[in-house]
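There are 2 protein chains.
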Amino acid sequence: MAEQKKLVEAITPMERDFAQWYTDIVKKAELMAYTGVRGCMAVEPYGWAIWENIQKILDARFKELGHQNVAMPLLIPESLLEKEKDHVKGFAPEVAWVTMGGNEKLPERLCIRPTSETLFCDHFARVVHSYRDLPKLYNQWCSVVRWEKTTRPFLRTAEFFWQEGHTIHETAQEAQAETERMLNVYADFCERELAMPVIKGRKTESEKFAGAVATYTIEAMMHDGKALQSGTSHYFGDGFSRAFGVTFQGRDNSVCYPFQTSWGFSTRIIGGIIMTHGDDSGLVLPPAVAPVQVVVVPVAQHKPGVLEKAHELEQRLKGRFRVKMDDSDQTPGWKFAQYEMKGVPLRLEIGPKDIAKDQCVLVRRPDRAKLPTPLDGLEDAVAEQLDQVRRILYDRALKRREDMTYDAHTLDEMKEIADTRPGFVRAMWCGDPACEAKIKEVAGLSSRCIPFEQEHIADTCVCCGRPAKELVYWGKAY
Amino acid sequence: MAEQKKLVEAITPMERDFAQWYTDIVKKAELMAYTGVRGCMAVEPYGWAIWENIQKILDARFKELGHQNVAMPLLIPESLLEKEKDHVKGFAPEVAWVTMGGNEKLPERLCIRPTSETLFCDHFARVVHSYRDLPKLYNQWCSVVRWEKTTRPFLRTAEFFWQEGHTIHETAQEAQAETERMLNVYADFCERELAMPVIKGRKTESEKFAGAVATYTIEAMMHDGKALQSGTSHYFGDGFSRAFGVTFQGRDNSVCYPFQTSWGFSTRIIGGIIMTHGDDSGLVLPPAVAPVQVVVVPVAQHKPGVLEKAHELEQRLKGRFRVKMDDSDQTPGWKFAQYEMKGVPLRLEIGPKDIAKDQCVLVRRPDRAKLPTPLDGLEDAVAEQLDQVRRILYDRALKRREDMTYDAHTLDEMKEIADTRPGFVRAMWCGDPACEAKIKEVAGLSSRCIPFEQEHIADTCVCCGRPAKELVYWGKAY
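Chains as they are written, first to last, in our numbering: chain C, 4 to 481; chain G, 4 to 481.
And the structure:
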């Protein structure tokens, strides 16, 4: 390693080729590797450690709210998939089918789950009998498979990792509240922990999940102005219950259909982190999910006392932060570039001059601010600077989104923006899917969401001029 | 719930029907449910919580030893599976084949991983170049699918959950040491955390993993005297490296083949916990992995001050233990039976008389010992009693194993033991697979392992009378 990697390999500048810049980071930061399996990724240790940190935080939040983890089967019999008509229409074209078990042809095809509503419904039908069995607030962490034609690391892969929450409730109101509550959990997680500002809203009819009454979404803006749908939450009404024959005895002894929700958050968010915070030096990780939060780099480490002091600081910080010490024989310059590329939020430099002054130098990854810091009280200073990193990342991303969001009042204006300025376009809509389709066709923009925070920026639909119903965010999307 | 379950449903006594007793516990303790998918289980919240506790402890141990988690694909192209001849022979007959993606027939069949050696080798071939890249100590938590004909909850299911470690090393010695180290991790985990004594040893040639040079195993004895293979660790030599073309540049610049290992531990251990510690009242859980370690049951909870005191104790214990408080309107008797059935290691009863004496009563699940305990210092008393539970469970299981292990010197004797007394049989073996096969045929016993702790109990093979090479444990197995 030492000799092979004397220079940290250069990353293609974002301005020159955004897609290549993205791929370079994925590869050089060793987040994932290609495999011999079409469209499937091998998530490498550094990439998986980010996902594990995401899992830990989200899982704790789910459990605090009363959710329980379970594990449903990987496979769905075709007859089960077919029970809900909209659902099967949406997913059947993109599933992988198991047709043989060993050397025998199966009597019925099984698909690898593309999502697990059907399996949870089958389970609910077995275990839900009375209103006393409700609600059930279930979640599972797993992978799913969707036979995508074109794939990109993290953003779109045949197999991806996620959590899928599935809940079942006595009343529509309760299920509706759960749907919104979980969207808020995702939004809060993205904004607080990942430093990614998001727009919360509802999907239009044509963009909603197959089988849902309503789909809620959080939409984030990437460096290139494109949208990333970062988490979704679905309200099913009692449609799935009816399709799967899930019933319960109500408080008045009548037979009732329960109301359901589902909500999911996936490894595509790692693509979102890269494209929200990364720069031309590489990855930039929000401290909450960074596998290494602080890297300790000794300077002039052959000088007496330097390594000892560096180890001492590493030990001091270890209990409270994820710390890595690099005392390899690479040059400090190489190490600086290497851990910048890996997106480590904070670098701690310690050399003879620092030791003489009883200080070290903290360097923040996003703005490279160099901060001489007294060793006395170092732990609190590190905590403070990690928080600063988070704030800088959030503020930057929010400013970018604000700078790259435009209001449009006519279709011509929309098209002009779409052609010349990347970003989101806000425009009023009459609610007619025909207008939505025309905007897509003419301006190349899809509806991202109908934001919860509505504004009235015009009286008429941007497309047809009829009375407008609501404000919509439009954009190009990953 | 309240009205429906006035009585905790009875569990079939172990003596009457062991298999039914097992199934009753799985079902009534709500560990898993059957599904509409052949041979696949739905692991319910209580069962999954046990697995999560197992995962947490093992994962921390793996990481302490330098292992990193990754995620390889779920699917294996047929051509990749076929690269190692013994391996494909062992697994191809029991895999599920994906032949269609959406509506299109795939150009090459893909199987759902039955284990992932082939995928790790494919990855290693891409990322290992120099001795400096070694070792790689990887692990993944996932599910695998084996198309088993007959299935039993946890013990044998088409899909099951596990971790599979895969490591690759510069030298045979290092890989060999890793194989033994990980077997020891499993053994230590079983004995210390699960209170399950195990025999550590090597599998015979005919029982080893498809493609391995050597397979090590830990074997535990169940209530009924049958063996459960509870964890295995495989040494591959450089066989997989050669088959998959994994090479590295050695220290002397020559092209070398690295040495590999793999090791796995699965949800079948939950079946092992049930059949090692359970009794006719239900499940008995070792405290380290019990979802609820202490259940607080208020007695005469309508009396003033009882619920307040119970809640106060719950709060006190919460920071240190997994505690559940049941202040539902069920009777204390129902609650006692219910949490015994669920295997909660410790029950804390608190009623007016206890409060008057500034005490509570702790009841240990395995021996039902009732221990009046001063509230002052309660936390330490609970910790002490949880440890007692662990010791009682371990000692009981060990005594049972010792009582049910027999030495045999002739095949007749072996057959007589096998026909009349359930348990393990220790007997000397010449090393010839023909004798192993004959013992299986005549006495119905398979070789469980060649224990690391050898004893010389006779000079000649129990079967053929030729000079004996080693002591072997024989038994019937799950």
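We put the CB at the ideal spot given by N, CA and C, even for glycine.
Contact with chain C by residue i, beta-carbon distance below 8 Å
{"i": "Trp150(G)", "result": "yes"}
{"i": "Arg350(G)", "result": "no"}
{"i": "His172(G)", "result": "no"}
{"i": "Cys466(G)", "result": "no"}
{"i": "Met75(G)", "result": "yes"}
{"i": "Ala32(G)", "result": "no"}
{"i": "Phe324(G)", "result": "no"}
{"i": "Gly39(G)", "result": "yes"}
{"i": "Asn187(G)", "result": "no"}
{"i": "Trp51(G)", "result": "yes"}
{"i": "Phe164(G)", "result": "yes"}
{"i": "Leu504(G)", "result": "Given that chain G is displayed from residue 4 to residue 481, the structure contains no residue 504(G) and the question cannot be resolved."}
{"i": "Val445(G)", "result": "no"}
CB contact check: residue i to chain G, cutoff 8 Å
{"i": "Pro117(C)", "result": "no"}
{"i": "Arg245(C)", "result": "no"}
{"i": "Asp125(C)", "result": "yes"}
{"i": "Gln333(C)", "result": "no"}
{"i": "Gln71(C)", "result": "yes"}
{"i": "Pro454(C)", "result": "no"}
{"i": "Arg129(C)", "result": "yes"}
{"i": "Ser269(C)", "result": "no"}
Residue i, DSSP secondary structure in three states
{"i": "Asn256(C)", "result": "coil"}
{"i": "Glu151(G)", "result": "coil"}
{"i": "Met407(G)", "result": "coil"}
{"i": "Asp282(G)", "result": "strand"}
{"i": "Lys108(G)", "result": "strand"}
{"i": "His90(G)", "result": "helix"}
{"i": "Glu33(G)", "result": "coil"}
{"i": "Leu78(G)", "result": "strand"}
{"i": "Glu271(G)", "result": "Note that residue 271(G) is Arg in the sequence shown here, rather than Glu. Three-state result, Arg271(G): helix."}
{"i": "Lys139(C)", "result": "strand"}
{"i": "Cys452(G)", "result": "strand"}
{"i": "Thr218(C)", "result": "strand"}
{"i": "Pro48(C)", "result": "helix"}
{"i": "Arg323(C)", "result": "coil"}
{"i": "Gly228(C)", "result": "coil"}
{"i": "His172(G)", "result": "strand"}
{"i": "Glu473(C)", "result": "strand"}
{"i": "Phe157(C)", "result": "coil"}
Neighbourhood of residue i by C-beta distance below 6 Å, restricted to the same chain and skipping five residues each side
{"i": "Arg149(C)", "result": "Glu97, Pro117"}
{"i": "Glu33(C)", "result": "Glu47, Tyr49"}
{"i": "Lys9(G)", "result": "With a pLDDT of only 46 at Lys9(G), under the threshold of 50, the placement of this residue in the model should not be trusted, and no figure is reported."}
{"i": "Thr52(G)", "result": "Reading the sequence as shown, one finds Ala at residue 52(G) and not Thr. Pro294."}
{"i": "Ser236(G)", "result": "Thr182, Met185, Leu186, Tyr219, Trp266"}
{"i": "Cys466(C)", "result": "Leu414, Cys438, Lys441, Ile442"}
Own chain partners of residue i with C-beta closer than 7 Å, once the 5 adjacent residues on each side are dropped
{"i": "Cys464(G)", "result": "Met431, Trp432, Cys433, Cys438, Ala471"}
{"i": "Gly447(G)", "result": "Ala421, Lys479"}
{"i": "Tyr25(C)", "result": "Ile277, Met278"}
{"i": "Asp89(G)", "result": "Ala213, Gly214"}
{"i": "Thr408(G)", "result": "Gly426, Phe427, Arg429"}
{"i": "Ile60(G)", "result": "Phe192, Glu196, Ala291"}
Buried versus exposed call for residue i [16 or more other C-beta atoms within 10 Å across all chains shown]
{"i": "Pro375(C)", "result": "exposed"}
{"i": "Asp329(C)", "result": "buried"}
{"i": "Val258(C)", "result": "exposed"}
{"i": "Glu120(C)", "result": "buried"}
{"i": "Ala440(C)", "result": "exposed"}
{"i": "Gln166(C)", "result": "buried"}
Contacts around residue i, its chain only, beta-carbon distance under 8 Å, and the 5 residues preceding and following it disregarded
{"i": "Met225(G)", "result": "Leu231, Gly275, Met278, Thr279, Tyr481"}
{"i": "Ala5(C)", "result": "Low confidence applies to Ala5(C): its pLDDT is 41, below 50, so where it sits in the model is not reliable, and the reading given next is rough at best. So the list reads Ser331, Asp332, Gln333, once near-sequence residues are dropped."}
{"i": "Leu474(G)", "result": "Arg429, Ala430, Met431, Trp432, Ile453, Pro454, Gln457, Glu458, His459, Ile460"}
{"i": "Gln7(C)", "result": "Interpretation of Gln7(C) is limited by its pLDDT of 41, a score under 50 that renders its predicted location unreliable; the figure taken from the coordinates is listed afterwards. No residues qualify anywhere along the chain."}
Q: Closer than 9 Å, Cβ to Cβ, to anything on chain C: give me those residues from the region 91 to 105 of chain G, in chain order.
A: Look at the region 91 to 105 of chain G: the residues with a C-beta under 9 Å from a C-beta of chain C are Ala95, Pro96, Glu97, Val98, Ala99, Trp100, Val101, Thr102, Met103, Gly104, Gly105.
Q | Selection of the region 277 to 295 of chain C by Cβ proximity to chain G, strictly under 8 Å | A | The region 277 to 295 of chain C vs chain G, Cβ under 8 Å: nothing.
Q: Taking a Cβ distance cut-off of 8 Å, strictly less, list which residues of the region 248 to 267 of chain C are near chain G, in chain order.
A: Cβ contacts with chain G come from no residue of the region 248 to 267 of chain C.
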